[in-house]
Amino acid sequence: MKVDVLLGLQWGDEGKGKVVDVLTPRYDVVARFQGGPNAGHTLEFEGQKYVLRSIPSGIFQGDKVNIIGNGVVLDPALFKSEAEALEASGHPLKERLHISKKAHLILPTHRVLDAAYEAAKGASKVGTTGKGIGPTYTDKVSRNGLRVGDILHGFDEKYAAAKARHEKILQSLNYSYDITEAEKQWMEGIEYLRQFHLVDSEHEINRLLNEGKSVLCEGAQGTMLDVDFGSYPFVTSSNTICAGACTGLGLAPNRIGEVYGIMKAYCTRVGAGPFPTELFDETGKTIRDLGHEYGAVTGRERRCGWVDLVALRYAIMVNGVTQLILMKSDVLDAFPIVKACVAYKVNGEEIDYFPYDITEGVEPVYVEMPGWQTDMTKMTSEDEFPEEFNAYISFLEDQLGTPIKIVSVGPDREQTIERYTE
Ligand code: GDP
Ligand code: IMO
Ligand code: MG
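Counting from 40, one number per residue, gives the positions in the sequence shown under this note's numbering.
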C-alpha cells in the first residue's frame, strides 16, 4: 500500500485539521510526521469545536490508529492537557494513539531558550509560537536531544544533563526565568506519557502498510515555513514538505501515493517575515474579520493578502502535489472582485518563478476576476456553483497545473464539497 500525504502549501493554517478529519473515514491510520504544539488544527462538527496541537486530526473518526511519528517534537505537559481534555469530552485515546519512541521531547528550558533567542534577535525576531520548537530541533540535530524512549531508561540523569546544558546557555545570555511550575507540570506530563503505547513507529507503519492498511499523513505548518524551502530565516525548524513524511515516519519515498496540497482562496501568515501579497488596507482587514484570521494557538492576528500563485506553483513543485484542496473560498463570497498574484516584478523585471529571496523589492502582478457574490456556505454539490466561481477555479487549476478536488465552504465537517473531475 501507498501512503497519502496532506500538507499546507502556504504559511500554515490552511485548514489541514478540518480536511484530515473529513478524509479519515477512508483510511485506517492517520499519522503526524513533523512539527509539534506550534500547530493548531481546528475541527468543527456537531456544533463542537476542537483545536489539536500534537494529536493527529484522525482521532475523532471511529477506531482509527493515530500515530505521532519520530519527526514530531512533543511537550509532555501540553500533550497531557490536550489529551485529558479530549478524554473528558468523550474521546478516549489511550488505545488508539501510538507515540514514537524516537520523537524528541520539548523540555521546559527549550521554551525558555525559544524566548531568550527571540529576545536576543530584537527587531529581527521570527515571531515564533514560543513553544520551544527551534531549540528542540536544534538539540536533535546537534545530538543533544532527549527522546520519548528515554523516559523508559535512565531518564533522570539524561534530563538533568540536558537541563544543565540549557542553564549554562541561558546564563551566558543573561536571561532570567523561573521554570518551577512549568517543570512540575512537565514531570506530571512525563508520568502521563507512560500510559500510552510508546512504539517503534517506523516498524509499525511499515507493517500496517504491508498488511494492506491505508495511511494518511498529516502535515503541520506549511511549505512556505519549511526550514529549507520556506522564507528562511522566517520559518519553522522542520521539513514541512512531503519529504518530511518519509523522514518523520520512516517511510521510503516510493511509498508516497497521493499528495493533497491545501490552500486558502487567499493567503495568511502569522509572525514576522516576507509576504509579497500582504494587504494593509480595508480589504486585508475584511478578509481577517470574515475569515476569523486569528491564531488557533496564540490568538495573534494573522496577516492577510491575496492568493499568491507564484509561491503556490513552487510549493506544488517541491511537494509533488497531485490534488489541490481549496479552503475558505466562502470568505470571498461577497467580494465583487477577487485578485490572484500570477507573477512577481523584481527590479522592474517580471518573473513567474519563486526567487531565492522575497525579502525586498518583490511586487506582485495581479489578475482580477469578477467575484461570484453568492453565499456558498450551504452548498453541498458542485452543481450549485455559480458560473463566476467555476471560472475562478478553472483559472486556478490552469495556473497551477493541478486539479482542485475538494472545495471547503465553511469550517464545519459538512461544509465540504468533492468535485467529480477526474
Ligand atoms: P490548520 O492549522 O491548517 O489546521 O488550520 P487552522 O485550524 O489553524 O485554521 C483554519 C481556520 O479556518 C479554522 O478556524 C477552521 O475552523 C476554519 N476553516 C477551515 N475551513 C474553512 C472554510 O472552508 N471556511 C471557513 N470560513 N473557515 C474554515
Ligand atoms: P499550523 O500547523 C501558522 C510560524 C510562527 C513563526 C514561525 C516559527 O497550525 O498550520 P515556531 O514556533 O515554529 O518556531 O515559529 O512559524 N508557525 C505557524 N504559522 N501555522 C502554524 O501551524 C505554525 N507553526 C509555526 O508563527 O512565524
Ligand atoms: Mg493552525
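For every residue, glycine included, the Cβ atom is placed at its ideal position computed from N, Cα and C.
Of all alpha-carbon atoms in Asp372, Tyr395, Ile397, Pro403, the one lying nearest the alpha-carbon of Tyr383 is that of Pro403.
Between Ala142 and Val111, the C-beta gap is smaller than 8 Å, which places the two residues in contact. Per DSSP, the beta bridge partners of Ala379 are Val346, Val406. The bridge partners DSSP lists for Ala158 come to none. Within the same chain, Glu83 come within 6 Å of Asp451 by CB-CB distance, once the 5 residues on both sides are set aside.
Inter-residue distance for Tyr156 and Gly171 is about 10 Å (C-alpha atoms, whole angstroms). Within the stretch 48 to 104, complete alpha helix (DSSP H) segments of at least 4 residues are found at 55 to 62, given in chain order. As summarised for the stretch 301 to 336, the continuous alpha helix (DSSP H) elements at least 4 residues long and confined to that stretch are 321 to 329, given in chain order. Environment of the ligand MG, chain-ordered: Asp52, Gly79, Ala335, taking every residue with Cβ within less than 5 Å of a heavy atom. Fewer than three Cβ pairs drawn from the stretch 227 to 236 and the stretch 174 to 181 lie within less than 8 Å of each other, which leaves the two stretches out of contact. Distances from the CB of Phe72 to the heavy atoms of the ligand IMO are all 7 Å or more. The Cβ atoms of Ile138 and Val187 sit closer than 8 Å to each other. Residue pairing from DSSP leaves Tyr392 without any beta-bridge partner.
Cβ contact annotation for Ile190 (same chain, cutoff 7 Å, sequence separation greater than five): Ile229, Leu232, Arg233, in chain order.
Out of Val68, Asn386, Asn213, the CA that lies nearest to the CA of Val151 is found in Asn213. Proximity of the beta carbon of Thr81 to the ligand GDP is indicated: a heavy atom of the ligand is located closer than 7 Å. Put simply, the backbone Cα of Ala203 is about 37 Å away from that of Pro131.
In the three-state scheme derived from DSSP, where H, G and I count as helix and E and B as strand, Leu185 is classed as coil.
Contact check for Leu248 against Ala70 fails: the beta carbons are separated by 8 Å or more. The alpha carbon of Val346 has as its nearest neighbour, out of His331, Met366, Met40, the alpha carbon of Met366. Contact between the stretch 261 to 276 and the stretch 237 to 244 is absent, with fewer than three C-beta pairs closer than 8 Å.
Rounded to whole angstroms, the separation of the alpha carbons of Met415 and Lys378 is 19 Å. The alpha carbon of Ile301 has as its nearest neighbour, out of Asn278, Thr337, Ser368, the alpha carbon of Ser368.
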